[in-house]
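Asker: Protein sequences appear in the order of chains V and X.
1 is the number of the first residue of the first sequence in the working numbering; add one for each residue after it.
1001 is the number of the first residue of the second sequence in the working numbering; add one for each residue after it.
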Amino acid sequence: MKRRIVLLASAMLLMLFSCHPPPPPPPDPEGELIARGRRLFFNETFNGNGRRCGTCHPAENNFTLNPAFIASLPPEDPLFVAESNPALRRNFENPRLMREFGMILENLDGFGDLDSTFTMRGIPHTLGLRNTVASPNGPRTGWSGDGAPGDGSLRSFAVGAVIQHFTKTLNRVAGVDFRLPTDAELDALEAFQLSLGRQTELSLPLRLKGTVASRGQGLFLDTTLSKCSRCHFDAGANAVFGGVNRLNANFNTGVEELPDQPARLTGELVPFDDGFGVPGDSTFNTPSLVEAASTGPFFHNNAIETIEGAVAFYDGESFNDSPAGRAIGGIELDGTQIVEIAAFLRVINTLENIRQTIEFLQGSIMPPSPRREEPTRLLQLALQKTDDAIMVLSGGGLHPFAVIHLRRARQLTMEAIGGHHMERRVREAIREQEIARSDMIE
Amino acid sequence: MLGVIALVTTFTATNVSAQRFTERYIPIGQSPGLSGKYTIVGTVDAVDMQRGTLTCTYLSGTIAARVDKATKIWIDRSKRKLTNLEGSLTDCKKGHLVEVKFRNNERRAGVVADWIKVEAAEAGGK
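1) State buried or exposed for D151 of chain V, treating a residue as buried only when at least 16 other CB atoms are found within 10 Å of its CB.
2) Within 8 Å of any Cβ in chain X, is that where the Cβ of N171 of chain V sits?
3) If you draw a straight line from the alpha carbon of V1118 of chain X to that of P323 of chain V, how long is it in whole angstroms?
4) What are the partner residues of R121 of chain V, as DSSP defines its beta bridges?
5) Hey, how far is the Cα of A1101 of chain X from the Cα of D1045 of chain X?
6) Mind checking who L1085 of chain X pairs with in its DSSP beta bridge?
7) Hey, A436 of chain V and L406 of chain V: beta-carbon distance below 8 Å or not?
8) Once you ignore the five residues that flank G363 of chain V on each side, which residues in its own chain have a CB closer than 7 Å to its CB?
9) Would you mind reading off the limits of the alpha helix (DSSP H) that contains T55 of chain V?
10) Once the 5 residues before and after G277 of chain V are set aside, which same chain residues still bring their CB inside 7 Å of it?
11) Please list, in chain order, all residues of the same chain as A342 of chain V whose beta carbon is under 6 Å from its beta carbon, the five residues on each side excluded.
12) Report the rounded CA-to-CA distance for D274 of chain V versus T117 of chain V, giving the unit in angstroms.
13) Here's the rule: buried if 16 or more other CB atoms are within 10 angstroms of the residue's CB, otherwise exposed. What is L269 of chain V?
14) Using DSSP's beta-bridge definition, name the partner residues of I304 of chain V.
15) Taking CB distances under 8 Å as the criterion, tell me whether T111 of chain V reaches chain X.
16) For T1071 of chain X, would you say it is in contact with chain V, using Cβ-to-Cβ distances shorter than 8 Å as the test?
17) For G1087 of chain X, go through chain V and note every residue whose CB falls closer than 9 Å to its CB, in chain order.
18) Can you give me the C-alpha to C-alpha distance between H300 of chain V and V1067 of chain X, rounded to a whole angstrom?
19) Look up A1109 of chain X in the DSSP assignment and say whether it is helix, strand or coil.
20) Kindly list, in the order they appear in chain V, the residues whose Cβ is closer than 7 Å to that of E1023 of chain X.
21) Given the structure, does A1046 of chain X come close to the ligand MN, in the sense that its CB is under 7 Å from one of the ligand's heavy atoms?
22) Extract the residue ranges of the alpha helix (DSSP H) inside the segment 350-420 of chain V, only unbroken runs of 4 or more that lie entirely within it.
23) Is there at least one Cβ from chain X nearer than 8 Å to R155 of chain V's Cβ?
24) Closest by CA to G330 of chain V, which one among V:F319, V:D387, V:L345, V:I441?
25) Whole angstroms is fine: what's the gap from P1027 of chain X's alpha carbon to T1055 of chain X's?
26) Just to make sure I have the definition right: I need the residues of chain X whose C-beta is within less than 8 Å of the C-beta of I163 of chain V. Which are they?
27) Over the uninterrupted beta strand (DSSP E) stretch that includes N245 of chain V, give me the two end residues.
28) Just verifying my parser: in three-state terms, what is the DSSP assignment at E1099 of chain X?
29) Closer than 6 Å by C-beta to D1114 of chain X: which residues in its own chain qualify, once you throw out the five before and the five after it? Chain order, please.
30) Whose Cβ in chain X lies nearer than 9 Å to the Cβ of G335 of chain V?
31) If the cut-off is 9 Å on Cβ atoms, which residues from the segment 1086-1115 of chain X count as contacting chain V, listed in chain order?
32) Hey, is G1003 of chain X's beta-carbon within less than 8 Å of any beta-carbon in chain V?
33) Which residue marks the beginning of the alpha helix (DSSP H) containing G160 of chain V, and which one marks its end?
34) Could you tell me which chain X residues have their CB closer than 9 Å to the CB of A174 of chain V, listed as they occur along the chain?
35) Considering G1061 of chain X, what are the terminal residues of the beta strand (DSSP E) in which it resides?
36) Got a sec: is the Cβ-Cβ distance from L180 of chain V to anything in chain X below 8 Å?
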């Protein structure tokens, strides 16, 4: 009897303990700021034409646009506002170039002659911005590094984007055609954007297992042959000359001189893009390469579709005759070497995709945090990143064993989204991601 | 080594720059990261067309900015819900609200203005 009472009392105490609500999470002001920025980024139209930051930088497409993603959008998507709003029919976008090549129109050289003074550019992703914006001469945003008004900072970028892309009419009157973001909104948008993607740089060389990617890494780091790492130190967006990290830099690499640029083949007006400043100095900003393989097309004008083609550009006349090409004494690569460097870029991109996927998967089964999206959304993002990893590896014929495990991880993530033993499926998916990673790197 | 030096030279030749032309559509006092920090918001005190200077009175006193060919002048009509226009020094009339952004953010007399925003004249005018 006494034993029963003790057992009963113990059970009651256990119940009381287990029913006690968990302590509230500690305050996280930065997390709250990021959460607010996320809401603004994806939902706020700033009283404009219906576009949001996420219209051109959708999370489900690596915060960029390409023709395949654009083709999947419904006709009423605000991206296509130039096709439905009569006030924006002329000189706001070129719908053909948008749909066929993922290009948007920018009036970087002024709004005085809208018929002929504009540039057509791709949309840079917003991943890893923490590593790619700073330069000794101030912040670098956008393809030419001068994308933001005001002080040119990432924080100010949204103001320019609203004026350029969110307006209801080409009058661009603040308070009528849009409203400008407040200081608090700019703070939140900046915090959110800085939270995206990698927060630190890679440290090369990596101990890669694949023969082709390993050779590609060797070539990439060879400062006398490929010379890639001079401007893309650790495969990022920062340049190192003479042992000094010069951070993010602009160069004239001759991309604008490429013959047969796809957009120009259409016969549509695509004015010469003079890059940084007005008048431009023909330099463009250096993007990070870690995110490259899953965020094509490549270069400011979306001129090249594949990562192999992007590497091959540096073996061509346009680059070798350019100021940057001449300054480094040119680059001469053979076909195998081009593919090997591209294989390296595919593998580091996949490793980053796996890193992010695991982060999303782990987040989906952790207690809620303002820093993270809600669990189902995280699982959807994990699915998208896994799809990217599969596509990037398969596209280069790389690591078929890893691809098999990534496909398994995908299936498990799908099942987790479906709600079947969610936590167990998520843990299994993480395990499959880890197996895939271990096939590529020690 | 020469290549590295040349590349460094190419690299350092590029100076800090923001998206200057978008400023046209940002009302006086609202330029992000500049207004209230590096620009001066005040009223036009005097304009010397021959010398190419604009003097304005602001909270801390009076300051004269130089204007050259590269200086952009915009007429801010946003309070009247009209589109802002490109203007010139002749549009800067005594007593009008004005914002001056100096080159390289050097907020001192005699420095060339990077851009000037001036509030529009009376309704109906430019």
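The beta-carbon is built from N, C-alpha and C at its ideal position, and this holds for glycine as well.
Note that this is a predicted model, so its numbers are computed, not measured.
Answerer: Quick look at the numbers:
1) buried
2) yes
3) 40 Å
4) V:I104
5) Reading the sequence as shown, one finds Lys at residue 1101 of chain X and not Ala. Roughly 16 Å between the two C-alpha positions.
6) X:I1075
7) yes
8) R372, L378
9) 53-56
10) D146
11) I307, E308, V311
12) 11 Å
13) exposed
14) V:F298
15) The question names Thr, but residue 111 of chain V in the sequence shown is Phe. Closer than 8 Å: yes.
16) no
17) None at all; the shortest Cβ gap to chain V is about 12 Å.
18) 34 Å
19) coil
20) P149
21) In the structure shown, the ligand MN is absent, as is every other ligand, since no ligand is present at all.
22) 375-395, 400-417
23) yes
24) V:F319
25) 20 Å
26) T1022, Y1025, I1026
27) 244-248
28) strand
29) K1101, R1103
30) Ordered by position in chain X, no residue passes the 9 Å Cβ test against G335 of chain V, which lies about 25 Å from the chain.
31) E1086, N1105
32) The predicted model places G1003 of chain X with a pLDDT of 49, which falls under 50 and marks its position as unreliable; any figure quoted below should be read in that light. Judged by the 8 Å Cβ criterion, G1003 of chain X is in contact with chain V.
33) 154-165
34) Y1025, I1026, P1027, Q1030, S1078, N1084
35) 1061-1066
36) yes
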